[in-house]
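Residue numbers (the working numbering): 14 to 264.
Yeah, the Cβ is synthetic: ideal placement off N, Cα and C, and Gly gets one too.
What you are looking at is a predicted structure, and each value in this text was computed from that prediction instead of being measured.
Put into structure tokens, the structure is as follows:
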């Protein structure tokens with residue numbers, strides 16, 4: 014049976030002599046694995062639509078537990094990301110996070126939309142990678158069901174607390190502690206708290222449409238990354254690689 018679906022290639026793995034196995038986040042069926050036969054040969058017509066970061070319309074032949082790509086028409090390739098090693102590394106981190114959060118055969122349009130919008134934002138000439146990364150991480154955590162409680166201090170109820178409790182997923186004042194509390198506390202200012210609240214509830218197309226000062230952006234970045242990795246209980250080699258590139262740039 015032949016079916017069509019739109020999807021973003023999250024991962025590509027060489028298979029046999031000239032094939033690839035593609036991990037694709039599709040619009041209607043969640044995460045799927047496609048086999049692209051002969052795609053690594055020079056003359057393959059599937060090359061463009063079956064590469065990492067390609068958002069393509071796939072025509073696949075489905076037989077039992079196997080999905081074989083018959084046609085792949087690229088809708089967006091995010092070309093600027095392929096011309097900058099740092100941007101490519103960050104984009105690869107986004108796709109690795111999406112692959113971790115996505116579920117097989119379970120539609121998640123919110124996650125697909127967030128990932129596509131993050132890649133599009135990162136492709137713009139005026140992109141601010143630090144902001145895009147933080148927004149993607151925190152929104153992804155919320156989509157995955159890890160949204161923190163941001164109403165106020167979890168102890169006294171104050172609306173403008175200045176600490177984010179990473180393990181608890183809530184806020185607290187510097188002098189407030191609940192019984193049995195443990196784990197990391199990160200500082201937040203009024204600006205970074207406003208950004209967290211915005212990212213938790215804003216419309217999908219407005220996720221990357223906010224401004225922050227340098228200090229507040231640093232706080233937001235620390236909270237977003239630490240919170241996501243803590244909730245997922247894992248790290249990402251793509252993130253480590255991206256950070257190594259940033260360190261080289263600083264030196």
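Residue from the options with nearest C-alpha to residue i
{"i": "residue 153", "options": "141, 170, 130, 166", "result": "130"}
{"i": "residue 259", "options": "16, 225, 74, 98", "result": "98"}
{"i": "residue 32", "options": "41, 83, 66", "result": "83"}
{"i": "residue 16", "options": "170, 186, 73", "result": "73"}
{"i": "residue 51", "options": "81, 40, 248", "result": "81"}
{"i": "residue 141", "options": "227, 215, 14", "result": "227"}
{"i": "residue 47", "options": "27, 179, 54", "result": "27"}
{"i": "residue 244", "options": "189, 171, 180", "result": "180"}
{"i": "residue 77", "options": "139, 14, 53, 55", "result": "14"}
Test item: CB-CB of residue i and residue j under 7 Å
{"i": "residue 147", "j": "residue 237", "result": "yes"}
{"i": "residue 145", "j": "residue 134", "result": "yes"}
{"i": "residue 210", "j": "residue 242", "result": "no"}
{"i": "residue 184", "j": "residue 166", "result": "yes"}
{"i": "residue 86", "j": "residue 70", "result": "yes"}
{"i": "residue 143", "j": "residue 222", "result": "no"}
Assumed close pair residue i, residue j - CB separation to whole angstroms, cut-off 8 Å
{"i": "residue 93", "j": "residue 103", "result": "Not confirmed; about 12 Å, so no contact."}
{"i": "residue 239", "j": "residue 199", "result": "6 Å"}
{"i": "residue 23", "j": "residue 37", "result": "7 Å"}
{"i": "residue 208", "j": "residue 225", "result": "6 Å"}
{"i": "residue 90", "j": "residue 67", "result": "6 Å"}
Own chain residues within Cβ distance below 7 Å of residue i, not counting five before or after
{"i": "residue 201", "result": "175, 176, 177, 232, 236"}
{"i": "residue 115", "result": "38, 43, 44, 121, 124"}
{"i": "residue 149", "result": "107, 127, 131"}
{"i": "residue 21", "result": "37, 38, 68, 125, 128, 129"}
Residue i versus residue j: straight-line alpha-carbon distance, rounded
{"i": "residue 204", "j": "residue 127", "result": "23 Å"}
{"i": "residue 124", "j": "residue 118", "result": "14 Å"}
{"i": "residue 42", "j": "residue 191", "result": "42 Å"}
{"i": "residue 250", "j": "residue 173", "result": "35 Å"}
{"i": "residue 29", "j": "residue 19", "result": "26 Å"}
{"i": "residue 79", "j": "residue 195", "result": "47 Å"}
{"i": "residue 248", "j": "residue 112", "result": "13 Å"}
{"i": "residue 265", "j": "residue 206", "result": "Nothing can be reported for residue 265, as the shown portion of the chain is limited to 14 through 264."}
{"i": "residue 261", "j": "residue 252", "result": "14 Å"}
{"i": "residue 54", "j": "residue 257", "result": "33 Å"}
Cβ shell of residue i (< 8 Å), same chain only, five flanking positions each side left out
{"i": "residue 160", "result": "154, 182, 213"}
{"i": "residue 217", "result": "123, 126, 127, 130"}
Same chain only: Cβ atoms within 6 Å of residue i, ignoring 5 sequence neighbours per side
{"i": "residue 25", "result": "33, 35, 65"}
{"i": "residue 255", "result": "102, 103, 106"}
{"i": "residue 219", "result": "none"}
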